[in-house]
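Each protein sequence line maps, in turn, to chains A and B.
All residue numbers for the first sequence refer to numbering that gives the first Met the number 0, where the first residue is 0 and numbers rise by one.
All residue numbers for the second sequence refer to numbering that gives the first Met the number 0, where the first residue is 0 and numbers rise by one.
Virtual Cβ for every residue (Gly too), placed ideally from N, Cα, C.
The structure appears below as structure tokens.
There are 2 protein chains.
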Amino acid sequence: MLAVERRLKVLERVAEDQAIEVSTLARDFQVSEMTIRRDLRRLERDGFVRRTYGGATTHLVRTFEVGANARTLHHAREKRVIAKRAAELTVGVRSMFLGIGTTVEHFARLLPVREDLMVITPSLAVASLLGTRNVRVIIAGGLVRQDELTCIGASAVEAVRRYNTDTAVIGAAGLSARRGITELDDRDADVIRGGLERTERIIVIADGSKFGAVAMSTVAPIEQVSTIVTDSSADAQEIARIEQAGIEVVVAGTDASLLRPMENGRTRLADVRRPA
Amino acid sequence: MLAVERRLKVLERVAEDQAIEVSTLARDFQVSEMTIRRDLRRLERDGFVRRTYGGATTHLVRTFEVGANARTLHHAREKRVIAKRAAELTVGVRSMFLGIGTTVEHFARLLPVREDLMVITPSLAVASLLGTRNVRVIIAGGLVRQDELTCIGASAVEAVRRYNTDTAVIGAAGLSARRGITELDDRDADVIRGGLERTERIIVIADGSKFGAVAMSTVAPIEQVSTIVTDSSADAQEIARIEQAGIEVVVAGTDASLLRPMENGRTRLADVRRPA
DNA sequence: CGCAGAGTTTGAACACAATCGAACACCACT
DNA sequence: AGTGGTGTTCGATTGTGTTCAAACTCTGCG
Numbered sequence: 000m001l002a003v004e005r006r007l008k009v010l011e012r013v014a015e016d017q018a019i020e021v022s023t024l025a026r027d028f029q030v031s032e033m034t035i036r037r038d039l040r041r042l043e044r045d046g047f048v049r050r051t052y053g054g055a056t057t058h059l060v061r062t063f064e065v066g067a068n069a070r071t072l073h074h075a076r077e078k079r080v081i082a083k084r085a086a087e088l089t090v091g092v093r094s095m096f097l098g099i100g101t102t103v104e105h106f107a108r109l110l111p112v113r114e115d116l117m118v119i120t121p122s123l124a125v126a127s128l129l130g131t132r133n134v135r136v137i138i139a140g141g142l143v144r145q146d147e148l149t150c151i152g153a154s155a156v157e158a159v160r161r162y163n164t165d166t167a168v169i170g171a172a173g174l175s176a177r178r179g180i181t182e183l184d185d186r187d188a189d190v191i192r193g194g195l196e197r198t199e200r201i202i203v204i205a206d207g208s209k210f211g212a213v214a215m216s217t218v219a220p221i222e223q224v225s226t227i228v229t230d231s232s233a234d235a236q237e238i239a240r241i242e243q244a245g246i247e248v249v250v251a252g253t254d255a256s257l258l259r260p261m262e263n264g265r266t267r268l269a270d271v272r273r274p275a
Numbered sequence: 000m001l002a003v004e005r006r007l008k009v010l011e012r013v014a015e016d017q018a019i020e021v022s023t024l025a026r027d028f029q030v031s032e033m034t035i036r037r038d039l040r041r042l043e044r045d046g047f048v049r050r051t052y053g054g055a056t057t058h059l060v061r062t063f064e065v066g067a068n069a070r071t072l073h074h075a076r077e078k079r080v081i082a083k084r085a086a087e088l089t090v091g092v093r094s095m096f097l098g099i100g101t102t103v104e105h106f107a108r109l110l111p112v113r114e115d116l117m118v119i120t121p122s123l124a125v126a127s128l129l130g131t132r133n134v135r136v137i138i139a140g141g142l143v144r145q146d147e148l149t150c151i152g153a154s155a156v157e158a159v160r161r162y163n164t165d166t167a168v169i170g171a172a173g174l175s176a177r178r179g180i181t182e183l184d185d186r187d188a189d190v191i192r193g194g195l196e197r198t199e200r201i202i203v204i205a206d207g208s209k210f211g212a213v214a215m216s217t218v219a220p221i222e223q224v225s226t227i228v229t230d231s232s233a234d235a236q237e238i239a240r241i242e243q244a245g246i247e248v249v250v251a252g253t254d255a256s257l258l259r260p261m262e263n264g265r266t267r268l269a270d271v272r273r274p275a
């Protein structure tokens with residue numbers, strides 16, 4: 000069995016049983032307890048489970064299928080770094096529109112809790128992540144898209160357009176200087192477009208693999224974006240083209256604890272932030 | 000069993016019985032009394048129980064205020080049996096309003112998947128459970144209530160009132176012949192009341208502990224209900240009173256997969272413990 | 001009513017068991 | 001050579017059971 004595959008199944012088990020022992024998991028998956036501990040530590044670091052003595056529990060009280068798919072664990076580290084950096088850009092923001100996708104979910108997990116913050120989102124996952132964390136959340140409403148658990152349709156669009164927000168934080172399937180921000184599903188794109196209508200600042204968070212990619216449905220031209228947060232794997236040429244259009248591109252460095260001294264002396268201050 | 004898990008269940012027992020002995024808990028959980036004492040000391044330190052000589056009591060009213068964690072595991076077996084029985088009552092139904100609470104969530108889990116089924120609900124948990132299972136789901140939208148993850152507020156009420164449904168399946172905090180169906184939170188009650196406005200049939204699912212109980216906010220008078228599904232722990236007198244009002248009460252005390260046909264009808268589900 | 005004595009409960013102290021993370025070695029794959 | 005995953009060893013930490021003296025409750029007697 001693949002390691003990622005096992006981790007996913009571990010997460011599934013925890014969510015299923017609410018609480019489970021390290022020993023049980025080790026037996027069931029035929030690996031040493033140390034390996035399970037490492038899996039759990041990782042899942043905890045990414046905010047999926049809560050570690051306890053002898054096992055793990057979930058605080059995703061509502062045995063939410065949210066996050067329990069392979070995509071969420073995919074590139075979790077990079078997405079976390081990006082999300083964390085983006086969270087730093089939103090201190091003091093009072094009202095936010097949050098988009099959909101796993102990167103935005105990571106952002107929701109890492110967002111410092113503030114009682115005075117108000118969030119509107121079409122994502123059930125984002126809504127429940129923030130809803131359990133003392134943030135005022137408004138969910139769009141409407142038809143629930145099956146695989147993504149996002150609100151779509153006319154009433155969802157109408158709902159997100161009703162609110163004025165300081166900042167919008169969205170993900171993207173594609174991100175190109177020529178074609179702007181694009182999404183895979185046109186119904187999702189409709190809703191996100193609605194959410195961007197009455198916002199002052201648009202922050203796009205996307206890992207490097209999205210740079211230069213173009214998906215079918217246009218969300219917004221690149222000029223409309225204020226800031227893009229990505230990681231070091233993003234294509235430098237595309238970054239240059241986007242910056243030429245006057246858009247700020249922030250490259251979130253790897254976590255300070257994982258970062259080895261850089262050889263070219265370009266250590267950025269952002270990389271040496273306080274540890275989690 | 001995990002230590003944290005045991006502490007949670009200890010808390011549950013205390014909340015359930017209002018007062019309980021250390022010796023009883025030690026016997027039930029198969030640990031020494033010293034361990035129970037340590038658990039109780041900890042729970043007292045955290046403000047959940049009050050320690051007494053030989054046991055512990057709670058000042059919290061019923062199991063209501065107990066944290067969401069404990070609640071999900073609470074009566075899980077009974078709720079599942081009830082939910083399964085209720086699911087049998089909804090075969091062929093094309094459109095449904097589903098309420099909130101853990102019992103309804105169990106119902107959503109056990110509902111056979113049908114593509115031609117349409118569901119409207121204010122519960123994020125229910126919506127995501129069904130959304131991942133190939134059912135057309137509409138979520139109400141609006142402000143998300145923090146601890147329960149339900150949609151509340153004017154726009155949620157407005158949304159649920161827009162749809163006509165064949166059947167509504169709701170839970171209840173209280174269920175009495177005199178006071179009808181009651182909920183703890185008035186904002187939830189508002190939304191549920193809206194959902195019941197345009198439905199043809201109301202099914203209430205609630206475990207026995209809710210019978211005779213009255214919570215603060217009225218959802219509906221008992222006469223409005225078509226069918227109530229509960230388990231054998233429900234108070235017989237209250238059942239009789241409700242039946243007298245012309246309401247059908249189904250006691251789902253028998254799980255076919257666990258119990259053989261009953262000869263005298265007195266076998267209780269609680270006697271069939273699952274192996275540790 | 002007070003009070004002594006029996007029986008129970010308690011928590012501190014100790015010993016033991018389970019679990020933990022760090023460190024190291026090994027393997028597979030690049 | 002380097003990377004990521006895995007298992008093992010080992011000292012530290014945490015949880016658990018037992019023992020025992022002190023504290024408490026209850027009861028019966030004066």
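Give a yes or no on whether 8 Å exceeds the smallest Cβ distance from residue i to chain B.
i, result
"G46 (chain A)", "no"
"G140 (chain A)", "yes"
"Y162 (chain A)", "no"
"G130 (chain A)", "yes"
"E20 (chain A)", "yes"
"A158 (chain A)", "yes"
"L123 (chain A)", "yes"
"V65 (chain A)", "Bear in mind that the predicted position of V65 (chain A) carries a pLDDT of just 46, short of 50, making it too unreliable to give a figure here."
"T101 (chain A)", "no"
"L7 (chain A)", "no"
"G54 (chain A)", "yes"
"R61 (chain A)", "Interpretation of R61 (chain A) is limited by its pLDDT of 45, a score under 50 that renders its predicted location unreliable; no figure is taken from the coordinates."
Please report whether the beta-carbon of residue i lies at a distance below 8 Å from any beta-carbon of chain A.
i, result
"E222 (chain B)", "no"
"S127 (chain B)", "yes"
"I137 (chain B)", "yes"
"Q145 (chain B)", "yes"
"E4 (chain B)", "yes"
"Q17 (chain B)", "no"
"L110 (chain B)", "no"
"L39 (chain B)", "no"
"L10 (chain B)", "no"
"L1 (chain B)", "yes"
"I148 (chain B)", "Per the sequence shown, residue 148 (chain B) should be read as Leu rather than Ile. Yes, contact with chain A."
Going by C-alpha to C-alpha distance, which of the options sits closest to residue i?
i, options, result
"E199 (chain A)", "A:E114, A:A167, A:Q145", "A:A167"
"E157 (chain B)", "B:L129, B:G193, B:R36", "B:G193"
"T149 (chain B)", "B:G91, B:V92, B:E104", "B:E104"
"G46 (chain B)", "B:I169, B:V13, B:G170", "B:V13"
"V80 (chain B)", "B:N133, B:V228, B:V248", "B:V228"
"S127 (chain A)", "B:G141, B:D184, B:N133", "B:G141"
"P121 (chain B)", "B:R132, B:D187, B:D146, B:A172", "B:D187"
"R37 (chain B)", "B:D27, B:R5, B:T57", "B:R5"
"E20 (chain A)", "B:L10, B:V3, B:E15", "B:V3"
"R41 (chain B)", "B:S22, B:F96, B:A25, B:V9", "B:V9"
What residues match up with residue i in a beta bridge as DSSP calls it?
i, result
"E247 (chain B)", "B:T226"
"S122 (chain A)", "A:T149"
"G252 (chain A)", "G252 (chain A) is not bridged to any residue."
"T167 (chain B)", "Here the sequence assigns Ala to residue 167 (chain B), which means Thr is not the residue at that position. DSSP, once it has assigned bridges, lists B:F96, B:I201 as partnering A167 (chain B)."
"M117 (chain B)", "B:S94, B:R135"
"V143 (chain B)", "B:C150"
Leaving out the 5 sequence neighbours to the left and right, which residues in its chain are closer than 8 Å to residue i when beta-carbon positions are compared?
i, result
"A176 (chain B)", "I221, E237, R240, I241, Q243, A244"
"R113 (chain A)", "V134"
"T51 (chain B)", "A18"
"S225 (chain A)", "R200, I201, I202, I246, E247"
Taking 6 Å as the limit between beta carbons, can you name the residues of its chain near residue i, skipping five residues before and five after?
i, result
"K83 (chain B)", "L109"
"D165 (chain B)", "V92, R93, S94, E199"
"N163 (chain A)", "R197"
"P260 (chain A)", "Annotation note: pLDDT 30 at P260 (chain A) (below 50); position unreliable, no value reported."
"A233 (chain B)", "G207, F210"
"V136 (chain B)", "V118, A126, L129, G130"
"A139 (chain A)", "P121, C150, A155, A158, V159"
"A214 (chain B)", "A172, G173, T181, E182, L183"
"I35 (chain A)", "V21, L24, A25"
Between which residues of its own chain and residue i is the CB-CB distance below 7 Å, once the five residues before and five after are set aside?
i, result
"D230 (chain A)", "E77, V80, I81, D206, G207, V250, A251"
Less than 7 Å separating the Cβ of residue i from some heavy atom of the ligand SAM?
i, result
"S94 (chain B)", "With respect to the ligand SAM, the structure shown offers nothing to examine, as it has no ligands at all."
Length at least 3, wholly inside the stretch 177-231 of chain A: the beta strand (DSSP E) runs in chain order: List check, beta strand (DSSP E) in window: 179-182, 198-204, 216-219, 226-230.
Alpha helix (DSSP H) runs contained entirely in the stretch 14-54 of chain B, provided each spans 4 or more residues: Fully enclosed alpha helix (DSSP H) runs of 4 or longer: 21-28, 32-44.
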